[in-house]
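Participant: Here it is, the structure in full.
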């Protein structure tokens, strides 16, 4: 078997279909610039497109050396590559007039990024920029792409978030002006205040920064402000643009193999026993040694959420709201997406959960977890998650943690959270003044893992430590400067970058719907699965292949109410009987010619043998589960090792973990069937 055929067998059909679309576009439009949001996906696409189709594909992202990036750019300009796969590293910069087409793989997350990326093509007088989005497998990714396209065509662009009066920049500018010969504080203050970003800078804030620079010996107070010996190293060695060139290797202690790498910004917030998600698995930190983090596989602990290092491009609330609107308007979607959305909506309704939609905040209380369906985007949900968890922490005395995506918030607490707790906190968020809530939010930020890393960055920017100094996030030096301009600026930068306090205004116009349930709704289940094990193309293989295999297998559907029967594919069984409209439908083997006769005998009140009664009880049990789970009952029964006796246990995984957990349960049943088959046949 050749490498290409072997590679194809390792990929699921849906992924191969997406890659084929990209291959055809590249061959037709070459040279093509391919954008994706993460370097891991960029590496995967470049390798796979090259090995699978023999295309000449280069790669370009910020983690590569400058020489490698320049070489890729040169080859692309010279026409030596069919395609160049890049992250945001090629959104700006070089102008390559020969680019004919742009492919965005998976959601670009923002309208501005989509327009900027597609705008890299067609740089000639006789051409226009052209591009296409190839969405990922997740339904929300498809909806997000559609929402972004609609918003972009309507003229929407995300507004840049700018922090007013950044004190670290003030410090650097003071040092620059002192080097230039400025000595008078009032004059320096007047010049800085003359710039638009600093027009609201107060004299008190300015003096606090000057005093701090004097304290750390960047400047000296004598006859006015004078340069110190350190000022030159500080000014030329300090960069306001964050960089994280240092990488930490993640080592599995059981196999002593490398399972991935993390940037220093992410690695710095991890400590011993910390649980995090990487490569679709949960890991626990065993120990950290210099540039290596030793880990072992683990499982989720009750009341805790893992650290999750996903995409950092925020989805703004305008896009998130449009996604929620599309959820409620499936007729506006293409047929494939419409079918997926309707399946999720029907299953949600069938299980008695309210449907998430714009204008409604649906809250699910699930033992040690609370899931909030919130249409406020990445920064808006981050704000609500931080406030709710901080208020819970301060009131109950036990640390509550949270994680968000643009459409959901998950909050975990060791102490159970009640319906009354949620209602009281949401009402408080609507009632209290913004200044009060901002103070609570700032406390939450100061207690977050990201704050520790940001403190190290600000210590460098204010000249306390050198740029190349290695400082542990748990170092006592961080505590010394928490209440200084360093700590204040760390909180403020995180506040403006990652949060959106204005979401509190919209919260007043949103209705709360709080439900308590033993297991999550289908939408919540999929979100929780993404938190605990990020599902990527590379690890969807088994699930997608099994879904395809089982959904296309034939089953016989029997109406328990009238005896009607017919053969369908498992993934396409009807919701109700076409003859009597009963929803009480059972499922059996397509070659079973006895069960439908048995049902008719029972309907005619004929006498049944004990064996017939047992079989009739099984058929009725399956029918009751089909009422709750629809096609998933038929799909499960199509698998080897799943029958009426264990069907409810397999289907229950849909509630506790979503589709992937459901198919994993089917896989375990099939493995057990194969393992013990020889004993059953003797």
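Numbering (the working numbering), first residue to last: 314 to 995. We put the beta carbon where it would ideally sit given N, CA and C, even for glycine.
(1) Just checking my contact of residue 412 with residue 374 at CB under 8 Å: how many whole Å lie between their CB atoms?
(2) Using the rule of at least 16 other Cβ atoms within 10 Å of the residue's Cβ for burial, across every protein chain shown, is residue 749 buried or exposed?
(3) In chain order, what residues of the same chain lie with their CB nearer than 6 Å to the CB of residue 432, ignoring the 5 residues before and after it?
(4) Would you list the residues sitting across from residue 596 in a DSSP beta bridge?
(5) Keeping to the same chain, check which residues put their C-beta closer than 6 Å to that of residue 865; ignore five residues upstream and five downstream.
(6) Span of the alpha helix (DSSP H) holding residue 659?
(7) Measure the beta-carbon distance from residue 657 to residue 836 and round it to whole angstroms, keeping in mind my assumption that it falls under 8 Å.
(8) For residue 348, name the three-state secondary structure that DSSP assigns.
(9) Scan the region 745-776 and note each continuous alpha helix (DSSP H) run of 4 residues or more that stays entirely inside, going in chain order.
(10) Grouping DSSP H, G and I as helix and E and B as strand, with all else coil, what is residue 878?
(11) Taking the beta strand (DSSP E) that residue 442 falls in, what are its first and last residues?
(12) Over the uninterrupted alpha helix (DSSP H) stretch that includes residue 941, give me the two end residues.
(13) Short check: CB of residue 964 to CB of residue 946, under 8 Å?
(14) From residue 628 to residue 880, what does the alpha carbon distance come to, in whole angstroms?
(15) Between the alpha carbons of residue 393 and residue 405, how many angstroms are there, rounded?
(16) Kindly indicate which three-state DSSP category residue 540 falls into: helix, strand or coil?
(17) Would the beta-carbon of residue 430 fall within 8 Å of that of residue 444?
(18) Would you check if the distance between the CB atom of residue 827 and the CB atom of residue 676 is smaller than 8 Å?
(19) Cutting at 8 Å between CB atoms, please list the residues of its own chain near residue 372, excluding the five before and the five after it.
(20) Keeping to the same chain, check which residues put their C-beta closer than 8 Å to that of residue 801; ignore five residues upstream and five downstream.
(21) Residue ranges of each beta strand (DSSP E) run of no fewer than 3 residues wholly in the region 442-518, ordered along the chain?
(22) Have a look at residue 776 and residue 502 and give me their C-alpha separation to the nearest angstrom.
(23) Please report how far the alpha carbon of residue 534 lies from the alpha carbon of residue 477, in whole angstroms.
(24) Taking all protein chains shown into account, do 16 or more other C-beta atoms lie within 10 angstroms of the C-beta of residue 408, making it buried, or fewer, making it exposed?
(25) Which residues mark the beginning and the end of the beta strand (DSSP E) in which residue 416 is found?
(26) If we call anything under 8 Å between Cβ atoms a contact, is residue 808 one with residue 767?
(27) If you draw a straight line from the alpha carbon of residue 754 to that of residue 686, how long is it in whole angstroms?
(28) Would you identify the three-state DSSP class for residue 697, choosing helix, strand or coil?
(29) Let me check understanding here. Comparing Cα to Cα, which of 679, 736, 757 and 741 lies closest to residue 725?
(30) Could you give the C-beta distance for residue 979 and residue 932, rounded to a whole number, given that I count them as a contact under 8 Å?
(31) Look up residue 684 in the DSSP assignment and say whether it is helix, strand or coil.
(32) Answer with buried or exposed for residue 553, where buried requires no fewer than 16 other C-beta atoms within 10 angstroms of its C-beta.
(33) Assuming residue 694 contacts residue 719 (C-beta within less than 8 Å), just tell me the rounded distance between them.
(34) Mind checking whether residue 696 and residue 816 have CB atoms under 8 Å apart?
(35) Name the residue from 561, 962, 528 and 920 whose alpha carbon lies nearest to the alpha carbon of residue 938.
(36) From this set, 756, 674 and 422, which residue's C-alpha is nearest residue 464's C-alpha?
Facilitator: Based on what the coordinates show:
(1) The C-beta distance from residue 412 to residue 374 rounds to 17 Å, too long to meet the 8 Å contact threshold.
(2) Residue 749 is exposed by the Cβ-count criterion.
(3) Here the set comprises 442.
(4) BP columns for residue 596 point to 589 and 610.
(5) Once the five neighbours on either side are set aside, the close Cβ partners of residue 865 are 882.
(6) Residue 659 -> alpha helix (DSSP H) spans 648-663.
(7) Yes, they are in contact, since the Cβ atoms of residue 657 and residue 836 sit about 6 Å apart, within 8 Å.
(8) If DSSP states are grouped into helix, strand and coil, residue 348 belongs with the strands.
(9) Segments of the alpha helix (DSSP H) lying fully in the region 745-776: 747-759 and 762-774.
(10) Reduced to three states, the DSSP call for residue 878 is strand.
(11) Segment: none, residue 442 is in no beta strand (DSSP E) and carries neither H nor E.
(12) Run containing residue 941: 923-942, per the alpha helix (DSSP H) assignment.
(13) Result yes, Cβ atoms of residue 964 and residue 946 sit closer than 8 Å.
(14) In a straight line, the C-alpha of residue 628 is about 45 Å away from that of residue 880.
(15) If you take the alpha carbons of residue 393 and residue 405, they lie about 21 Å apart.
(16) Note: residue 540 maps to strand in three-state DSSP.
(17) Yes, Cβ-Cβ distance for residue 430 and residue 444 is below 8 Å.
(18) The beta carbons of residue 827 and residue 676 sit closer together than 8 Å.
(19) The beta carbon of residue 372 sits closer than 8 Å to the beta carbons of 355, 356, 359, 385, 397, 398 and 399 from its chain, once the five residues preceding and following it are set aside; these are given in chain order.
(20) Within the same chain, residue 801 has close Cβ partners 480.
(21) You should have 444-447.
(22) Their Cα atoms are separated by approximately 20 Å.
(23) Taking the Cα positions, residue 534 is about 27 Å away from residue 477.
(24) Per the 10 Å Cβ criterion, exposed.
(25) Following the DSSP letters along the chain, one finds residue 416 inside the beta strand (DSSP E) bounded by residues 414-418.
(26) 8 Å or more divides the Cβ of residue 808 from the Cβ of residue 767.
(27) Roughly 20 Å between the two C-alpha positions.
(28) Under the three-state reduction of DSSP, residue 697 is assigned to helix.
(29) Ranking the options by Cα distance to residue 725, first place goes to 679.
(30) The Cβ separation is near 21 Å, so there is no contact.
(31) DSSP places residue 684 in strand when its eight states are reduced to three.
(32) Exposed, because fewer than 16 other Cβ atoms sit within 10 Å of the Cβ of residue 553.
(33) Contact between residue 694 and residue 719 holds: CB atoms are separated by about 7 Å, below the 8 Å threshold.
(34) Yes, they are a contact pair.
(35) The candidate whose alpha carbon is nearest that of residue 938 is 962.
(36) Looking at the Cα atoms, 422 is the closest of the given residues.
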